Amino acid sequence: MPVTHDPTEVTAVLDALDDAWERGDADAYGELFTEDATYTTYVGTQYRGRRDIVESHRALFGRFLKGTRLAGEIVDVRFLTPDVAVVTGRGDTYKGRAPRKLDKVQTTTLVREGDGRWRIAAFHNTKRRPLLEAVGFRAAPGTVPGGRR
């Protein structure tokens, strides 16, 4: 299989993730992760391994997240090696209408496994706090990303 740096192969995994979420299919959702993946929620809960991710999402899809969808946008796809990609994005869950503002920042690390399939090895979801961020930037301007002032 030829080695490429094609971001569409990586973003296709995230599209499949969205589709499995919308169907509430924990097994299909978990299949997109490596066996030893880590999954950190915005409240700090960390799941380890595909089985843990599947079972936690089975419970979530059956209750708190039942009928929800994912809204998201990809900000950046960066290949660390031909077989490792880091995707930075914004996202949120919703019912009904999609949110106008996406208040979570997400980092997803994907690896191409031996069978050629891209899978998620690590996912981290953080809730963005724009007001606290602005206060911090005002108090310490040197912390503004990219030196923008």
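Its first residue numbered 1, the sequence shown is counted upward by one per residue in UniProt numbering.
Glycine included, each C-beta is placed from N, C-alpha and C at the ideal position.
Predicted model, so just to flag it, every value in this text is computed and none were measured.
Beta-bridge pairing of residue i - partner residues as DSSP gives them
{"i": "His124", "result": "Thr40 and Thr107"}
{"i": "Ala26", "result": "None, per the DSSP bridge assignment."}
{"i": "Leu70", "result": "Thr93"}
{"i": "Asp76", "result": "Thr88"}
{"i": "Trp118", "result": "Arg112"}
{"i": "Thr81", "result": "Val84"}
First and last residue of the uninterrupted beta strand (DSSP E) at residue i
{"i": "Phe61", "result": "Note, Phe61: premise wrong, no beta strand (DSSP E); alpha helix (DSSP H) at Arg50 to Gly62."}
Extent of the continuous alpha helix (DSSP H) run through residue i
{"i": "Leu132", "result": "Pro130 to Ala139"}
Coarse secondary structure for residue i, derived from DSSP in three states
{"i": "Thr34", "result": "strand"}
{"i": "Met1", "result": "Here the model assigns Met1 a pLDDT of 45, short of 50, so the residue's position is not dependable and the matter cannot be decided."}
{"i": "Asp19", "result": "helix"}
Whole-number beta carbon distance between residue j and residue i, since they are thought to touch under 8 Å
{"i": "Ala85", "j": "Val77", "result": "6 Å"}
{"i": "Val5", "j": "Ala26", "result": "This sequence places His at residue 5; Val is not what is there. That belief does not hold up - the Cβ atoms of His5 and Ala26 are roughly 31 Å apart, past 8 Å."}
{"i": "Arg50", "j": "Gly30", "result": "5 Å"}
{"i": "Lys104", "j": "Gly91", "result": "5 Å"}
{"i": "Thr38", "j": "Asn125", "result": "Thr38 to Asn125, Cβ: 12 Å. No contact."}
{"i": "Ile120", "j": "Thr34", "result": "7 Å"}
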